[in-house]
Amino acid sequence: MVSSVSGKKVLVVGGTGGIGFGIAQSLKDRGAEAILVGRHSVPGFDCRKIDLSDSAEWRKVLNLAEQTDILCASWGPFLQKPLHETSPEEWLNVVSSNLSLPGALVSAALPYMLSRGWGRILLFGGTRTDTSRGARTNAAYAAAKAGITSLVRSVALSYAAEGIQCNGICPGLVRTEYLDAEQIRSLGSKNPDGKLVEVSEIADAALMLMENSVYNGVLLPVDKGWAPGLI
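And the structure:
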């Protein structure tokens, strides 16, 4: 059976590595035409090298979002600091990167999706930010990701009748190429089964949310039941 994403134009922001690339690869395997935004090139993909840490570069990404059927915004830098050590500049950066940019991407993508009567949006929360919770050592990051929860549900509520679905994934501890062997062992031990979540498992969840019309406004934890209250 032909996938519902086959032939669709996809923009994966943060797509040249880690979770983003895993999703991009799965979408390409289903016949989608993917553009990847990140810091380097990946053979076999249309990649746009844009430094997302520089907000002056964001206009380039927003322009790409204006012509996409499927938007996946997986980029979002982590900040682990207690509140009394978090500077105003760090607050601005973490909220801009993890909430303002995804929100602006959604706003940029919606007119094209509305004109087509079809669209899929996938955003990323933090671990278990599908519900409101406190965070002892990463409050600024957690607050920004909590905003993603509201954004996902707002888009789903506002545009479902127009054929547009918006969902989110709240990943746990994921094994990516950015971790060394000791980090894989140490972080994996925190999960109930002693293993990290695989990128392919995140990609499988992403495809499930994108390919099925029943999922809308879902914030899906993909974390093996890890207890986020430990951080």
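Residue numbers for the sequence shown follow the UniProt record's numbering, so the first one is 1 and each next one is one higher. We put the beta carbon where it would ideally sit given N, CA and C, even for glycine.
- The C-alpha of CYS47 is placed about 7 Å away from the C-alpha of GLY38.
- DSSP, read as helix, strand or coil, puts ILE50 in coil.
- Where LEU219 is concerned, the enclosing beta strand (DSSP E) starts and stops at 219-222.
- Under the DSSP definition of a beta bridge, GLY119 partners with ILE164.
- Contact annotation, LEU122 with ILE169: C-beta distance approximately 7 Å; criterion of less than 8 Å satisfied.
- Remark: C-beta atoms of ALA156 and ASN212 do not approach each other more closely than 9 Å.
- VAL61 is not a Cβ neighbour of VAL2, given a cutoff of 9 Å.
- Secondary structure of ARG185 (DSSP, three-state): helix.
- GLU201: not part of any beta strand (DSSP E); member of the alpha helix (DSSP H) spanning 199-211, first to last residue.
- Each residue's CA atom was taken as its position, placing LEU27 and VAL199 some 13 Å apart.
- Excluding its 5 nearest sequence neighbours in each direction, VAL152 has C-beta neighbours in its own chain below 7 Å: LEU123, CYS166, ASN167, GLY168, GLY217 and LEU219, listed in chain order.
- In the DSSP secondary-structure assignment, LYS9 is bridged to GLU33.
- In the structure shown, GLY38 adopts extended strand secondary structure according to DSSP, grouped into three states.
- When secondary structure is reduced to three states using DSSP, PHE124 falls in the strand class.
- The alpha-carbon of PHE21 is positioned some 31 Å away from that of PRO82.
- For VAL61, the three-state secondary structure derived from DSSP is helix.
- Judged by pairs of C-beta atoms under 8 Å, the stretch 108-118 touches the stretch 62-72, as three or more such pairs exist.
- For the options PRO77, ALA139, ALA104 and LYS9, the alpha carbon positioned closest to that of ASP51 is the one of PRO77.
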